[in-house]
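Below is one structure, written out as structure tokens; the observations come after it.
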Amino acid sequence: MGAALGTCAVAQWAQCLCCSATCLACRCCPHSKNSIVTRVIYAFILLIGTIISCIMLSPGVEQQLKRIPGFCEGGAGSSIPGVAVHVQCETFVGYKAVYRVCFAMSVCFLAFSLITINVRNSRDPRAALHNSFWFFKIAFIIGVTVGAFYIPEGPFTRTWFIVGTCGAFFFILIQLVLLVDFAHSWNESWVDKMESGNSKVWYGALLCVMGLNYALSLTAIVLMYHFYTRPEECALNKFFISFNMLLCIGASVISMLSKVQDSQPRSGLLQSSVITLYTMYLTWSAMTNEPDRTCNPSLLSIFQQIAEPTLAPVENQTSVIIIEAEEPEPSSPYLQWWDAQSVVGLAIFVLCILYSSIRSSSTSQVNKLILVSKDKVIIEDSSPGSSSEVEDGSGPKRVTDNEKEFVQYNYSFFHFMLFLASLYIMMTLTNWYSPDADYSDMGSKWPAVWVKISSSWVCLTIYVWTLIAPVIFPNRDFA
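With mature numbering (1 follows the signal peptide of the UniProt record, and there is no 0) applied, the sequence shown covers -25 to -1, 1 to 454.
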């Protein structure tokens, strides 16, 4: 009997992996819907690709990558004066590998996006390609990744740098939508609990979180003014900090106007505080990519400034040590991506991807962004008689197909978002590596500065527009 049940379970898993059958879940798993499970699997694939990209930058991996025929010959960095060929390879081979891993992921997600254009329900044959056949899709991604490592240098890296810069910019804007949606959901949940339960406790919690976000933003502004500006220098940094601070203040004031509150009851200072904190992160992230070390001190030098009073008696000795540490041996250069702003950026990226995968409310900004414009969400009855679950005692069960009439999200746009996310990961892990940059300045990029600072302005513009649009166009439905 046990052997028969095991054979049946294996057959069911094979159907999910290699056929058009819906996915399976264990008996102890909560009731799941196909629209959520599929997105979680794709998000997991993207996260696995991100981990592999991080491994490519680990020490020692470049020795294995150099064995790939032609991988370290010519290409980006070959014209850098005063740098030997073996030094170029050891320095840039990790970045080249990340470019190829992310290229494979982005190409596959773009292909999925094109294939699933205008899919209306799960009865469409193309919906099966999206929700099933996982073995073949994973094999396809692995095959494209392996093939990408044999792409010759030349125009590839330069072209993909331009594509990656544009894609990362748009994904930063998508992150804003996800953050705003999270803030709205957070605010609605606590307001509902405040109205139905202990109002003082939840109102106090709401004020504490809002105050904490603004306190962190104010702290960031003070620290950026102290460490990233000088009395007579760094005028551009002063402009970035001051201008974005004024924009955040303006957005917060607009969110509390009576006309905005009448047309947008969901708006409030909690959402504005989240946007303000995110804007301050983008401002700091932009300044950490500036090439001028006077206006962009390293974290080590910032910590040394903080500890300067303690080290004052040995100031001269400390200075000598610092100078010696800033002259690395030219024979063993190594580029690292795990600086503070990259780690924070990756953390925000992971949270946004996971949130977009599990968010299921039909009123969320996420679903408004990725739903087909002419479709509407239909939540099917999940009772045993109407679902596609397979109940066979202790074996696995199939998730509910809740898209027989209408899809719960736009398949094509979801894959396009993952395409942009792959490019964002590529640019973040390579520290916005430009093939035409000087070897001595690989850690700082002006394109990254302007992409991030301009995205902060666009983000604030979009947020303010969501507040004032219902006031300007009262006859339109923005719900």
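Cβ atoms here follow ideal geometry from the backbone N, Cα and C, with glycine treated the same way.
Mapping the DSSP letters down to three states, classify residue i as helix, strand or coil.
{"i": "Thr375", "result": "strand"}
{"i": "Lys41", "result": "coil"}
{"i": "Glu290", "result": "Residue placement at Glu290 cannot be trusted, given a pLDDT of 47 that sits under 50; what the coordinates show is reported in the next sentence. In the structure shown, Glu290 sits in a helix (DSSP, three-state: H, G or I)."}
Between residue i and residue j, what straight-line distance do the alpha-carbon atoms span, to the nearest angstrom?
{"i": "Asp167", "j": "Met392", "result": "31 Å"}
{"i": "Val228", "j": "Ala158", "result": "17 Å"}
{"i": "Lys41", "j": "Asp376", "result": "47 Å"}
{"i": "Tyr384", "j": "Val197", "result": "42 Å"}
{"i": "Lys112", "j": "Phe78", "result": "16 Å"}
{"i": "Tyr263", "j": "Leu21", "result": "Strictly speaking, residue 263 in this sequence is Thr, with Tyr absent from that position. Rounded to whole angstroms, Thr263 to Leu21 spans 26 Å at the Cα level."}
{"i": "Lys71", "j": "Tyr125", "result": "11 Å"}
{"i": "Ala195", "j": "Ser164", "result": "28 Å"}
{"i": "His201", "j": "Tyr408", "result": "28 Å"}
{"i": "Ser171", "j": "Pro100", "result": "46 Å"}
{"i": "Met(-25)", "j": "Ser107", "result": "In this prediction, Met(-25) scores a pLDDT of 47, lower than 50, which makes its location untrustworthy; the coordinate-derived value is nonetheless stated afterwards. Rounded to whole angstroms, Met(-25) to Ser107 spans 29 Å at the Cα level."}
{"i": "Asn450", "j": "Ser160", "result": "25 Å"}
{"i": "Ile16", "j": "Ala396", "result": "15 Å"}
{"i": "Val12", "j": "Ile30", "result": "27 Å"}
{"i": "Ser174", "j": "Ala180", "result": "10 Å"}
{"i": "Gln39", "j": "Ala86", "result": "30 Å"}
{"i": "Ala123", "j": "Phe136", "result": "15 Å"}
{"i": "Asn219", "j": "Thr132", "result": "33 Å"}
{"i": "Trp421", "j": "Arg98", "result": "49 Å"}
{"i": "Val289", "j": "Thr134", "result": "Note that Val289 scores a pLDDT of 45, beneath 50, so its modelled location is shaky; the value from the coordinates is reported in the next line. Those two C-alpha atoms are separated by around 50 Å."}
{"i": "Ser272", "j": "Ile428", "result": "Just to set this straight, residue 272 is Pro in the shown sequence, not Ser. Pro272 and Ile428: Cα-Cα distance of roughly 18 Å."}
{"i": "Val176", "j": "Asn188", "result": "19 Å"}
{"i": "Asn162", "j": "Ala322", "result": "22 Å"}
{"i": "Phe146", "j": "Ile250", "result": "16 Å"}
{"i": "Gln150", "j": "Pro34", "result": "31 Å"}
{"i": "Ala226", "j": "Pro240", "result": "16 Å"}
{"i": "Trp36", "j": "Cys183", "result": "Before going further, note that residue 36 is Val rather than Trp in the sequence given. Approximately 46 Å between the Cα atoms of the pair."}
{"i": "Ile117", "j": "His105", "result": "17 Å"}
Is the Cβ-Cβ distance between residue i and residue j less than 8 Å?
{"i": "Ser28", "j": "Ile400", "result": "yes"}
{"i": "Ser387", "j": "Ala18", "result": "no"}
{"i": "Ile443", "j": "Val235", "result": "yes"}
{"i": "Thr204", "j": "Ser431", "result": "no"}
{"i": "Leu148", "j": "Leu404", "result": "no"}
{"i": "Met199", "j": "Trp259", "result": "yes"}
{"i": "Ser230", "j": "Ser242", "result": "yes"}
{"i": "Asn96", "j": "Ala103", "result": "no"}
{"i": "Val82", "j": "Val119", "result": "yes"}
{"i": "Gly24", "j": "Val76", "result": "yes"}
{"i": "Ala261", "j": "Phe215", "result": "yes"}
{"i": "Ser248", "j": "Met185", "result": "yes"}
{"i": "Cys209", "j": "Cys270", "result": "yes"}
{"i": "Glu207", "j": "Val424", "result": "no"}
{"i": "Ser88", "j": "Phe381", "result": "no"}
Would you decide whether residue i is buried or exposed? Buried here means 16 or more other CB atoms lie within 10 Å of its CB.
{"i": "Ile26", "result": "exposed"}
{"i": "Ser357", "result": "Residue confidence is low: Ser357 scores 41 on pLDDT, short of 50, so the model does not pin down where it sits. Its coordinate-derived value is still stated next. Its Cβ having fewer than 16 others within 10 Å, Ser357 is exposed."}
{"i": "His390", "result": "buried"}
{"i": "Ala143", "result": "buried"}
{"i": "Arg14", "result": "buried"}
{"i": "Gly139", "result": "buried"}
{"i": "Trp440", "result": "exposed"}
{"i": "Pro445", "result": "buried"}
{"i": "Lys8", "result": "buried"}
{"i": "Ile92", "result": "exposed"}
{"i": "Tyr309", "result": "Here the model assigns Tyr309 a pLDDT of 46, short of 50, so the residue's position is not dependable and the matter cannot be decided."}
{"i": "Gly320", "result": "buried"}
{"i": "Ser217", "result": "exposed"}
{"i": "Leu222", "result": "buried"}
{"i": "Val318", "result": "exposed"}
{"i": "Val426", "result": "buried"}
Judging by CA-CA distance, which residue of the options is the nearest neighbour of residue i?
{"i": "Glu128", "options": "Cys270, Lys379, Tyr74", "result": "Tyr74"}
{"i": "Phe448", "options": "Thr140, Ser238, Leu395, Val433", "result": "Ser238"}
{"i": "Phe84", "options": "Leu398, Ala103, Asn162", "result": "Leu398"}
{"i": "Val155", "options": "Ile43, Pro34, Tyr438", "result": "Tyr438"}
{"i": "Leu252", "options": "Ser192, Glu208, Leu244", "result": "Ser192"}
{"i": "Arg268", "options": "Phe218, Asn212, Val319", "result": "Asn212"}
{"i": "Ser10", "options": "Ala396, Lys379, Asn450", "result": "Lys379"}
{"i": "Leu245", "options": "Leu395, Ala261, Ala190", "result": "Ala190"}
{"i": "Ile224", "options": "Ala123, Thr436, Ala180", "result": "Thr436"}
{"i": "Cys434", "options": "Met402, Phe394, Tyr256", "result": "Tyr256"}
{"i": "Phe115", "options": "Phe146, Met80, Ile90, Leu89", "result": "Met80"}
{"i": "Val121", "options": "Pro130, Ile43, Tyr178", "result": "Ile43"}
Any heavy atom of the ligand FMN closer than 7 Å to the beta-carbon of residue i?
{"i": "Ile126", "result": "What this structure holds is no ligand at all, so the ligand FMN is not there to describe."}
Are the C-beta atoms of residue i and some chain B residue less than 8 Å apart?
{"i": "Met255", "result": "Here there is only one protein chain, and chain B is not present."}
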